[in-house]
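Here the structure comes first, spelled out in structure tokens, and everything after it is commentary.
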Amino acid sequence: MLFRLLVNAAFAQSAPAAGGQPSTLEMFVPFIFIFVIFYFLIIRPQSKRQKEHQKFLTELKRGDEVITSSGILGRIEGITDQFVTVEIADGVKVKMLRTQIATTQKAATEEKK
51 MLFRLLVNAA FAQSAPAAGG QPSTLEMFVP FIFIFVIFYF LIIRPQSKRQ KEHQKFLTEL
111 KRGDEVITSS GILGRIEGIT DQFVTVEIAD GVKVKMLRTQ IATTQKAATE EKK
């Protein structure tokens, strides 16, 4: 509804007198409007989430209890630039990509409350 009002207002102000073709700017107004909506509803929140996750990954340290993206709970035993060693049970260690750590166990339990 709001979109129609905006487009109608744009057409009414610059409508040709002889009923000819709309100008190029008038034809692109709806596409620009749709792009702005996509930016604020999809692109911007996703990039913000991505930055927060990168910051989280850089702040990981040995001893943190984490949840992987596959749902495995464990404690970090070793960290390199690309890989993390996670102990998932007594004496069972798994080496995985650092980017596959989803969240900390503490943050996951706080979200459910």
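Under this note's numbering, the first residue of the sequence shown carries the number 51, and numbering increases by one thereafter.
Built from N, CA and C at the ideal position, the CB exists for glycine as well.
Everything numeric in this text was worked out from a predicted model, so none of it was measured.
If residue i sits next to residue j, beta carbons under 8 Å apart, how far is it from one beta carbon to the other, in whole angstroms?
i, j, result
"E115", "E127", "Not quite, the Cβ-Cβ distance comes to about 11 Å (not below 8 Å), so this is no contact."
"G113", "R125", "6 Å"
If I measure Cβ to Cβ from residue i and keep anything under 7 Å in the same chain, skipping five residues before and after, which residues do I get?
i, result
"L150", "The amino acid at residue 150 is misidentified as Leu; the sequence shows Gln. Same-chain partners within the cutoff: T118, S119."
How is residue i classed by DSSP in three states: helix, strand or coil?
i, result
"L75", "helix"
"R168", "Lying before the first or after the last residue shown, residue 168 is absent from the chain, which here runs from 51 to 163."
"T159", "helix"
"I87", "helix"
"I82", "helix"
"T29", "Shown here, the chain extends from 51 to 163; a query on residue 29 therefore has no answer."
Kindly list the residues whose CB is nearer than 6 Å to the CB of residue i, restricted to its own chain and excluding five residues on each side of it in sequence; keep chain order.
i, result
"A158", "I117"
"T135", "E127, G128, K143, K145"
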